[in-house]
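In our numbering, the protein residues as written are 14 to 442.
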Ligand SMILES: [Zn+2]
Ligand SMILES: [Zn+2]
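Pasting the structure below:
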């Protein structure tokens, strides 16, 4: 898309009123979102050109903190590492609502031809690579900075407090957990939390669902120990390669035979199989690694115990042993059903009734889920595929070709601002 077309698209969306015409609140929101939009676009491009990996987001955090301070918002920095918390006290007493954006980028070399393409390089796991906002968190930061400006402008009419959570390291090792440990959800105590993620979908459309939305993600390792022998005399040992192959096959029955897939989907993937150094030496040990995705706590417990039982008992049947370890991962991103239903009209007013859709369940994971364990929350998706393109064919998040159409930014600012205002009780009319 040429820059001119992009600019026109931005202006067209930014100036288009929300669907709640004739509402004083939404007329004011429209005006304020349009006014801040050129800055939101500029912040997003600047952050996009200067991506930072998890727990290294010092430049991004400084940009955020400076902006919030200029707006007169109370700011705490260094929260849970590089996180920033802003607290905006409204003109009247009331509840506390939190809005969250994640700030980190990925070790991906950008292949999108943009004037503000990332040229940042780093070394990741011993390999030289580019750094890119391939998950679109640059958009999240810019949108939340824009929402902060909109909400500060409306401070006098806000009954309650808005907490802005700018978190590090969503892509790992996780920034929500250390921020929560540092009091991000307790000081002041948050009553509800909202967040969004840019996603392939028509630019400016919102996809949302109540209940389990994104999977719990847990990495697991199985260390299979046999007994080393010559490759020409396997009877002299216990072959961990064959045992591990049987374990990989047997693990396929966890989801297909043991999980009630009419209730919730689940995934067990083995993606690592390491053992042996020479063609004629059977090794002592094989290490398998993989990921488990589940959508509820009972389902997670069932899958964990099945994986453990199958791995250890298949190994035992061959005279080998298997040690299974499963990390704590991210829990399921579980949208509070009542809160989701309550806020649906707000999302429709913010972006238009015909632009709010039911989201599919997504087997990716998010540590927004941890904020939802402290307070009911809703996490939703904002489409960023150019409206003249087929979003089902758009490069996915984490692709070096991931592209976010800036025309979606005002919808993001409107949605987060509207959720905060209406949750706290500002009447939509
Ligand atoms: Zn991601
Ligand atoms: Zn992401």
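Glycine is no exception: its CB is placed at the ideal position from the N, C-alpha and C atoms.
Asked: C-beta contact flag for residue 374 and residue 432 at 9 Å; Found: no
Asked: N- and C-terminal bounds of the beta strand (DSSP E) containing residue 225; Found: 224-227
Asked: For residue 7, the three-state DSSP class (helix, strand or coil); Found: Here the chain has residues from 14 to 442 only, and residue 7 is not among them.
Asked: Proximity of residue 223 and residue 348 at Cβ, strictly below 9 Å; Found: yes
Asked: Check your reading: residues with Cβ closer than 6 Å to ligand 1 heavy atoms; Found: 148, 184, 410, 411
Asked: Neighbour-count burial assignment, residue 23, 16 or more Cβ in a 10 Å radius; Found: Because residue 23 carries a pLDDT of 44, less than 50, the predicted location of this residue cannot be relied on, and the following value inherits that uncertainty. By the neighbour-count rule (16 or more Cβ atoms within 10 Å), residue 23 is buried.
Asked: C-beta atoms of residue 451 and residue 147 nearer than 9 Å; Found: Because the chain here runs from 14 to 442, residue 451 falls outside it and cannot be looked at.
Asked: Beta bridge counterpart(s) of residue 199 as assigned by DSSP; Found: 202
Asked: Span separating the alpha-carbon of residue 380 from that of residue 394; Found: 15 Å
Asked: Nearest to residue 249 (by Cα), restricted to the options 239, 230, 51; Found: 239
Asked: Candidates 36, 46, 40: closest to residue 429 by CA position; Found: 46
Asked: Minimum C-alpha distance to residue 259 - residue among 309, 78, 323, 272; Found: 323
Asked: Own chain residues within Cβ distance below 6 Å of residue 114, not counting five before or after; Found: 153, 154, 157, 179
Asked: Close beta carbons around residue 321, own chain, < 6 Å, minus the five adjacent residues each side; Found: 337
Asked: Beta-carbon separation (whole angstroms), residue 117 vs residue 191, contact threshold 8 Å; Found: Their Cβ separation, rounded to whole angstroms, is 13 Å, which puts residue 117 and residue 191 out of contact at 8 Å.
Asked: Cβ-heavy atom distance, residue 287 to ligand 2, below 8 Å; Found: no
Asked: Where residue 349 falls: helix, strand or coil (DSSP); Found: coil
Asked: Distance, residue 90 Cα to residue 140 Cα; Found: 31 Å
Asked: With 16 other Cβ atoms within 10 Å as the buried cut-off, status of residue 285; Found: exposed
Asked: For residue 16, three-class secondary structure by DSSP; Found: Residue placement at residue 16 cannot be trusted, given a pLDDT of 46 that sits under 50; the coordinates are not used to answer.
Asked: Residue of 86, 94, 97 minimising C-alpha distance to residue 167; Found: 86
Asked: Straight-line Cα distance separating residue 230 from residue 187; Found: 12 Å
Asked: Nearest to residue 149 (by Cα), restricted to the options 408, 438, 274, 317; Found: 408
Asked: Simplified DSSP state of residue 367, which is helix, strand or coil; Found: helix
Asked: Enclosing beta strand (DSSP E) for residue 336 [first to last residue]; Found: 334-339
Asked: Contact test: residue 204 Cβ vs ligand 2 heavy atom, cutoff 8 Å; Found: no
Asked: As assigned by DSSP and simplified to three states, the class of residue 301; Found: strand
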